[in-house]
Amino acid sequence: MVWQNSGRYRTDRGQGTDQDNQQDDASSMSAVKRLERSQFTDEMDTRFGFERMKEPGEKTGWLINMHPTEILDDDKRMISAVDYYFIQEDGSRFKVALPFKPYFYIATKRNCDREVISFLSKKFQGKVAKLEIIPKEDLDLPNHLVGLKRSYIKLSFNTVDDLMKVKREISPAVRKNREREKSNDAYTAMLSSALAGGNVIAAEEDGSSKKMSNQMDNIVDMREYDVPYHVRLSIDLKIHVAHWYNVRYRGSVYPPEIVRRDDLVERPDPVVLAFDIETTKLPLKFPDAETDQIMMISYMIDGQGYLITNREIVSEDIEDFEFTPKPEYEGPFTVFNEPDEAALIQRWFEHVHETRPNIFVTYNGDFFDWPFVETRAAQHGLNMYQEIGFQKDSQGEYKASQAIHMDCLRWVKRDSYLPVGSHNLKAAAKAKLSYDPVELDPEEMCRMATEEPQTLATYSVSDAVATYYLYMKYVHPFIFALCTIIPMEPDEVLRKGSGTLCEALLMVQAFHANIIFPNKQEQVFNKLTDDGHVLDTETYVGGHVEALESGVFRSDIPCRFKMNPAAFDFLLQRVERTLRHAIEEEEQIPLEQVLNFNEVCEEIKKKLISLKEVPNRIECPLIYHLDVGAMYPNIILTNRLQPSAIVNEAVCAACDFNKPGANCQRKMNWQWRGEIMPASRSEFHRIQQQLESEKFPPLFPNGPPRAFHELNREEQARHEKKRLADYCRRAYKKVHQTRLEERVTTICQRENSFYVDTVRAFRDRRYEFKGLHKVWKKKLSTAQDAGDAAEVKRCKNMEILYESLQLAHKCILNSFYGYVMRKGARWYSMEMAGS
1 MVWQNSGRYR TDRGQGTDQD NQQDDASSMS AVKRLERSQF TDEMDTRFGF ERMKEPGEKT
61 GWLINMHPTE ILDDDKRMIS AVDYYFIQED GSRFKVALPF KPYFYIATKR NCDREVISFL
121 SKKFQGKVAK LEIIPKEDLD LPNHLVGLKR SYIKLSFNTV DDLMKVKREI SPAVRKNRER
181 EKSNDAYTAM LSSALAGGNV IAAEEDGSSK KMSNQMDNIV DMREYDVPYH VRLSIDLKIH
241 VAHWYNVRYR GSVYPPEIVR RDDLVERPDP VVLAFDIETT KLPLKFPDAE TDQIMMISYM
301 IDGQGYLITN REIVSEDIED FEFTPKPEYE GPFTVFNEPD EAALIQRWFE HVHETRPNIF
361 VTYNGDFFDW PFVETRAAQH GLNMYQEIGF QKDSQGEYKA SQAIHMDCLR WVKRDSYLPV
421 GSHNLKAAAK AKLSYDPVEL DPEEMCRMAT EEPQTLATYS VSDAVATYYL YMKYVHPFIF
481 ALCTIIPMEP DEVLRKGSGT LCEALLMVQA FHANIIFPNK QEQVFNKLTD DGHVLDTETY
541 VGGHVEALES GVFRSDIPCR FKMNPAAFDF LLQRVERTLR HAIEEEEQIP LEQVLNFNEV
601 CEEIKKKLIS LKEVPNRIEC PLIYHLDVGA MYPNIILTNR LQPSAIVNEA VCAACDFNKP
661 GANCQRKMNW QWRGEIMPAS RSEFHRIQQQ LESEKFPPLF PNGPPRAFHE LNREEQARHE
721 KKRLADYCRR AYKKVHQTRL EERVTTICQR ENSFYVDTVR AFRDRRYEFK GLHKVWKKKL
781 STAQDAGDAA EVKRCKNMEI LYESLQLAHK CILNSFYGYV MRKGARWYSM EMAGS
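Residues in the sequence shown are numbered consecutively from 1, following full-length UniProt numbering.
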């Protein structure tokens, strides 16, 4: 008898499969790697002075950074935590790990909570640490204004890894259940109930949901599963970077207590290292780290400059010198002349170990300086990650646990308001630091290393000086001011878009108002208009400034004026009323205190009459700059605009406050603009049918061709749109038509006002900081007159602090309106943006 191998392996009952064993092995290997990574991080942090608190006690420190990590609990199990890095007043450093259970929420069908909890606790035993029912404010819930709350099941985990595993299993079921709900119309439940011989109300309240064999079919929504772990902890516990905290450690059994100290305002001075490299290059080529070498590394640490030269390239030793472009930008430089590139890199690494910087500053360092140094170090047998802890992350950015990497180019692009062509270091230094930096032709640098090494050294250090003072004057106060309100690391606050920062802030406010976060807006592929055309893009027609007359005007060049005499009659009649309103309402001064009211009125009337009598004149104009203060925030506040307040007839019909004479609805007109394809619905469906009979390239090389239904939704939409565009080009001689529509949106004035309250609080806080900035500016002037150097330094620091705080608030304020149209926004609303 010949036994044939069927390719299948059946285990005896009670035995695990090979796949299960492989998964367990992979999981244990992953845990070992995570533990090794955590131990290396602790070792590197210790080298830079951040020793973990191990003895019970209390310390006060300024929070400079935070990172997610994993630690071992008393049972030697891995649990997720966040490492918080502190600087004390005397400059000493420490860190502390705060364990916290990551979590997300799921929603079930009505009255199925208990059954789903029981099912999940068995299915994910060992992964889910805790299951509990939490009532949350859901702004999508019909009639929620009367106080109705929706019950969510909160799944808590010991590690982020467990959370991701469970999320991956639940997510497909939720997606499938949502699609099933969309396909059901209003009569589906009634029909199924009638066929089963029951009644609709009983089916809804008790229903067959509880009797389902697979309780996963009862999970209809999943929320807050994509909030980064360290952001989650910062939101929940109100722990933000750039604040002072009292840290109380009571041993490994208890979590540390971290309490904010709002009475401490002045910031400590972290150690800042700004560096720049000069490299060799082939003529007319960009430097290549595989073949070119580093000629010089110039860097500044807390105002003291250093230059390391590679004598293999540089023809002679460079003596210590000074580069001070302006008196306030001092640059004394100490020079180290090293024999070759390996010694140059080793010297720099050793100096980094000695000085232990908290912040590394570069200009475009993510894409040039760091990768070049890393590659050249590797060529000489040095591992940059092992030496100073920096390596490339998944976004292609160089980061470390023990130090922050601030790439000033990111700030220039997002926050400097410089034009696009002025984003290089030379242009930024000229605009922001008000001096012309040294410039050299890149093609001349290699020659100058041999013939004019001193000139090249001056150029090299000029970049380090510009980078250091640009960071210290603008980037440092601005980024750490944002960190006080945004629950993120400084590296992220620098690099994320303003919309992402705005969303993080809204998440903070929503959590503390017990509001469940909405999921991120998902793209709808090949959306159809009401009349059956495929919608390519849609947006709104924004407001614009009406130009009365365009041109360039100067106060010393006469202009021709042509005025309307009738307008002056209107002004003459209202002179007294206008002045009275300005005095009593705006300036809050009693009219009895004004002694020359009538004389001023008569003087104004005489001037108006003279203008009326000669309406056509040629005179030198007066140039006025009229600016609407905080225009978009004030539009939001005046109309109570917020994404959750955009309602329709169905929402209002379910609301108890919708009664005759109710004044809780505000109608706002806006203009919608869409790019549609001219093909009709039937033509689109015919193209879909054609595609369903075709084969498409394999997912992997040498794989079998795929049918249309085997493609993912994004690929299907791409093929549909491409085929439809080709058809429209042949049949209609055009691919797009632009359509404009006047639309009316209803804004609920009773809606939960957390969005509006957030905007108002920020606007008011910004005005408060502007006021404090003026106060400290006056104190600085007084201290300068008195000649008190210590007080001058203190006042200058406080002035910079409040100026940066008000600028940070301005940046966020201006993002609230534009954020609602950002792709992937949690609080997305085109109607709000258009209104």
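Beta carbons are placed, not taken as given, at the ideal position from N, Cα and C, and that holds for glycine.
Contact check, residue i vs residue j, beta carbons under 8 angstroms
i, j, result
"residue 838", "L433", "Nothing about residue 838 can be read from this structure; the chain reaches only from 1 to 835."
"N177", "I134", "no"
"F525", "A650", "no"
"E576", "C601", "yes"
"residue 849", "R826", "Not covered by the structure: residue 849. The range shown for the chain is 1 to 835."
"L233", "V96", "no"
"residue 903", "T458", "For residue 903 there is no data in the structure shown, the boundaries of the chain being 1 and 835."
"S30", "E70", "no"
"P678", "Q737", "yes"
"Y105", "K182", "no"
Local conformation of residue i per DSSP, three classes
i, result
"S550", "coil"
"P558", "coil"
"M830", "helix"
"I618", "strand"
"H67", "strand"
"E503", "helix"
"L409", "helix"
"S6", "Since pLDDT at S6 reaches only 36, below the 50 mark, its modelled position is unreliable, and the value read off the structure follows with that caveat. Note: S6 maps to coil in three-state DSSP."
"N564", "coil"
"P660", "coil"
"Q379", "helix"
"M1", "Annotation note: pLDDT 32 at M1 (below 50); position unreliable, coordinate value reported separately. In the structure shown, M1 sits in coil (DSSP, three-state: anything other than H, G, I, E or B)."
"G126", "coil"
Outcome for residue i when other beta-carbon atoms lying within 10 angstroms are tallied against a minimum of 16
i, result
"C620", "exposed"
"I345", "buried"
"Y417", "exposed"
"E492", "buried"
"residue 836", "Because the chain is modelled from 1 through 835, residue 836 falls outside the range shown and cannot be assessed."
"N310", "buried"
"N358", "buried"
"K109", "buried"
"H243", "buried"
"G303", "exposed"
"L501", "buried"
"P701", "exposed"
"V465", "buried"
"Y624", "exposed"
When the options are compared against residue i, the one with the closest alpha-carbon
i, options, result
"D45", "I87, E55, M78", "I87"
"A289", "W370, T309, Y249", "W370"
"L780", "H773, F769, K796, A790", "K796"
"L131", "K54, K122, C408, F517", "K122"
"M66", "C446, R666, Y85", "Y85"
"Y540", "R822, L572, P332, D556", "R822"
"T60", "V265, R414, A566, A662", "V265"
"H144", "E316, M296, A654, E354", "A654"
"N752", "A513, D317, G834", "A513"
"F754", "L63, C664, D138, I79", "D138"
"H685", "G661, E714, L724", "L724"
"Y306", "K285, R347, A790, H230", "R347"
Whole-angstrom distance between residue j and residue i, CA atom to CA atom
i, j, result
"E328", "K606", "53 angstroms"
"Q523", "G824", "8 angstroms"
"R168", "P487", "26 angstroms"
"A786", "M631", "41 angstroms"
"M406", "D269", "16 angstroms"
"F568", "T578", "14 angstroms"
"E350", "T484", "33 angstroms"
"I516", "L148", "13 angstroms"
"L98", "G126", "22 angstroms"
"G542", "V792", "47 angstroms"
"L237", "L506", "15 angstroms"
"E338", "G629", "57 angstroms"
"I64", "S401", "11 angstroms"
"N246", "Y385", "32 angstroms"
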